[in-house]
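A.B. asks: Residues in the sequence shown are numbered consecutively from 28, following the working numbering.
Beta carbons are placed, not taken as given, at the ideal position from N, Cα and C, and that holds for glycine.
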Amino acid sequence: MEPPKKETCLSPALTISMDSEQPKKESVLKLLDRLDRGLVSNEELRELVTIQLDKRLKWGYKPTNEEQLAFHLEFINSLKNMDISGGNTEMINRELYEVPVPFLKLMFGKALKQSACYFKHQSMTIDEAETAMHDLYCERAQIKDGLTILDIGCGQGGKNPSPMWDRLVFNKIRAKLGGRVRYSDV
Numbered sequence: 028m029e030p031p032k033k034e035t036c037l038s039p040a041l042t043i044s045m046d047s048e049q050p051k052k053e054s055v056l057k058l059l060d061r062l063d064r065g066l067v068s069n070e071e072l073r074e075l076v077t078i079q080l081d082k083r084l085k086w087g088y089k090p091t092n093e094e095q096l097a098f099h100l101e102f103i104n105s106l107k108n109m110d111i112s113g114g115n116t117e118m119i120n121r122e123l124y125e126v127p128v129p130f131l132k133l134m135f136g137k138a139l140k141q142s143a144c145y146f147k148h149q150s151m152t153i154d155e156a157e158t159a160m161h162d163l164y165c166e167r168a169q170i171k172d173g174l175t176i177l178d179i180g181c182g183q184g185g186k187n188p189s190p191m192w193d194r195l196v197f198n199k200i201r202a203k204l205g206g207r208v209r210y211s212d213v
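Put into structure tokens, the structure is as follows:
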């Protein structure tokens, strides 16, 4: 049995049109502006999130197993045929790789790791937070002697061996593929 539809939310200003792209985009921008200015109450936000989650959960729902399977297979095939680069790899590479390295080091730390850092406390530097995140990766992945690791670093940080990996005590066997792939036995 399908749950009852939620057609309204607490504030008409939060209603997001689902019928056409332009009104939807405009209302989303208005909502983001209101959120940024602190004009959306917790109750309004909670209601909007509930409505959006409800719509998201129904997005892939089909009444029979056959229809459900067909929907998922069609979705998977659409992903296989999708150009993930957006079709303009030259522009993407130019924007990503032509940024001055000193700027990238300022933004991403010495290792140029463009992923999350773990700030255990507010006084940590970005380099300390990178190391803390690496330690957390190792802890959660249960990295220990005898494991094999494939580090396929990407972006600017993939061009250099990570100093954080060098802190681990292991026998290193490094094979380069395009100067970016490192293979190591722990």
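Is it buried or exposed, Ala-138, if we count other Cβ atoms within 10 angstroms and call 16 or more buried?
C.D. replies: Taking the sequence shown and counting its residues from 1, one reaches residue 138 at position 111. That one is buried.
A.B. asks: Measure the CB-CB distance between Lys-85 and Phe-98 and report whether it falls below 8 Å.
C.D. replies: As a first step, residue 85 must be located in the sequence shown, where it is residue number 58. As a first step, residue 98 must be located in the sequence shown, where it is residue number 71. Taking 8 Å as the Cβ cut-off, Lys-85 and Phe-98 do not qualify as a contacting pair.
A.B. asks: Beta-carbon of Asn-115 versus every beta-carbon of chain C: anything under 8 Å?
C.D. replies: Any reference to chain C falls outside this structure, which holds one protein chain only.
A.B. asks: How many Å lie between Lys-107 and Gly-87 at the Cα?
C.D. replies: As a first step, residue 107 is located in the sequence shown; it is residue number 80 there, counting from the start. As a first step, residue 87 is located in the sequence shown; it is residue number 60 there, counting from the start. Near 18 Å, if we compare the C-alpha coordinates of Gly-87 and Lys-107.
A.B. asks: State buried or exposed for Thr-158, treating a residue as buried only when at least 16 other CB atoms are found within 10 Å of its CB.
C.D. replies: For the purposes of this step, residue 158 is taken as the residue at position 131 of the sequence shown. By the 10 Å Cβ count, Thr-158 comes out buried.
A.B. asks: The alpha helix (DSSP H) that contains His-161, what's its start and end?
C.D. replies: Counting from one through the sequence shown, the residue named residue 161 turns up at place 134. Counting along the chain, the alpha helix (DSSP H) containing His-161 begins and ends at 153 to 168.
A.B. asks: By Cβ distance, which residues of its chain are closer than 7 Å to Asn-187, with the 5 residues on each side in sequence left out?
C.D. replies: Position 160 of the sequence shown, counted from the start, is the residue given in the question as residue 187. For Asn-187, the predicted structure reports a pLDDT of 48, less than 50, and the residue's modelled location is therefore unreliable. A value from the coordinates is still provided. Closer than 7 Å at the Cβ level, and outside the excluded window around Asn-187, lies no residue.
A.B. asks: Taking only the alpha-carbon atoms, compute the straight-line gap between Val-126 and Ser-142 and give it to the nearest angstrom.
C.D. replies: Numbered from its first residue, the sequence shown carries residue 126 at position 99. Numbered from its first residue, the sequence shown carries residue 142 at position 115. Straight-line Cα distance between these residues: approximately 17 Å.
A.B. asks: Can you give me the Cβ contacts of Leu-62 inside the same chain, cut-off strictly under 8 Å, excluding the 5 residues immediately before and after it?
C.D. replies: Locating residue 62 in the sequence shown gives position 35, counting from the first residue. These residues qualify, in order along the chain: Leu-72.
A.B. asks: In angstroms, rounded to a whole number, what distance separates the CA positions of Leu-56 and Phe-135?
C.D. replies: What you label residue 56 is simply residue 29 of the sequence shown in a count that begins at 1. What you label residue 135 is simply residue 108 of the sequence shown in a count that begins at 1. Distance between the alpha carbons of Leu-56 and Phe-135: 29 Å.
A.B. asks: For Leu-75, count the other beta carbons within 10 Å of its own beta carbon; 16 or more makes it buried, fewer makes it exposed. Which is it?
C.D. replies: Residue mapping note: residue 75 aligns to position 48 of the sequence shown, counting from 1. Buried, by the Cβ-count rule.
A.B. asks: Near Val-67, what residues of its chain come up, given a Cβ to Cβ distance below 6 Å and the 5 sequence neighbours on each side ignored?
C.D. replies: Residue mapping note: residue 67 aligns to position 40 of the sequence shown, counting from 1. The answer, listed in chain order, is Arg-61.
A.B. asks: Using three-state DSSP, classify Leu-177 as helix, strand or coil.
C.D. replies: As a working mapping, residue 177 is identified with position 150 in the sequence shown. Three-state result, Leu-177: strand.
A.B. asks: Can you look up Phe-146 in the DSSP assignment and give me helix, strand or coil?
C.D. replies: Walking along the sequence shown from the start, residue 146 turns up at place 119. Note: Phe-146 maps to coil in three-state DSSP.
A.B. asks: If you reduce the DSSP assignment to three classes, tell me which class Asp-110 lands in.
C.D. replies: Along the sequence shown, read from residue 1 onward, the residue named residue 110 stands at position 83. Coil.
A.B. asks: In chain order, what residues of the same chain lie with their CB nearer than 7 Å to the CB of Ile-153, ignoring the 5 residues before and after it?
C.D. replies: On the sequence shown, position 126 is the one that residue 153 refers to. These residues qualify, in order along the chain: Gly-136 and Cys-144.
A.B. asks: Tell me which residue opens and which closes the alpha helix (DSSP H) that Val-128 is part of.
C.D. replies: Within the sequence shown, numbered from 1, the residue matching residue 128 stands at position 101. Where Val-128 is concerned, the enclosing alpha helix (DSSP H) stretches over 128 to 135.
A.B. asks: Indicate the three-state DSSP secondary structure (helix, strand or coil) for Gln-141 in the structure shown.
C.D. replies: To locate residue 141, count along the sequence shown from 1; it is residue 114. In this structure, Gln-141 counts as coil in the three-state DSSP scheme.
A.B. asks: Within 10 angstroms of its Cβ, does His-148 collect 16 or more other Cβ (buried), or is it exposed?
C.D. replies: Counting from 1 along the sequence shown, the entry for residue 148 is found at position 121. With fewer than 16 Cβ atoms within 10 Å of its Cβ, His-148 is classed as exposed.
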